[in-house]
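Below you'll find the structure, written out as structure tokens, and then a few comments.
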Amino acid sequence: LQPYAGCEFSCAYCYVRELAVQRMNPYGLAWSSWIAPKMNAPELLRRDAE
-16 LQPYAGCEFS CAYCYVRELA VQRMNPYGLA WSSWIAPKMN APELLRRDAE
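Note that the sequence shown covers residues -16 to 33 in my numbering.
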């Protein structure tokens, strides 16, 4: 379970920077310059585990 969206690693061969999730990031920042916690991650995990 990844509790965050975004990334700060800036890997040279990263494919995610070209995906829609990056183009629609909530901050309008370049990939590898933001992360955002998934606020409801614990609840989603509990629900999916049932």
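Backbone N, C-alpha and C define an ideal beta-carbon position, used for all residues, glycine too.
For clarity, every value in this text was computed on a predicted model and none was experimentally measured.
I'd like the list of long-range same chain contacts for L27, defined as Cβ closer than 6 angstroms, with 5 residues on each side in sequence excluded. none
Is the CB-CB distance between A19 and Y(-2) below 8 angstroms? no
Per DSSP, cross-strand counterpart(s) of P20: Per DSSP, Y(-13).
Answer yes or no: the CB of E1 versus the heavy atoms of the ligand HEM, is any distance below 7 angstroms? Judged by which ligands are present, the structure shown has none, so any question about the ligand HEM falls away.
DSSP state of L27, grouped into three classes? Of the three classes helix, strand and coil, the one that applies to L27 here is helix, per DSSP.
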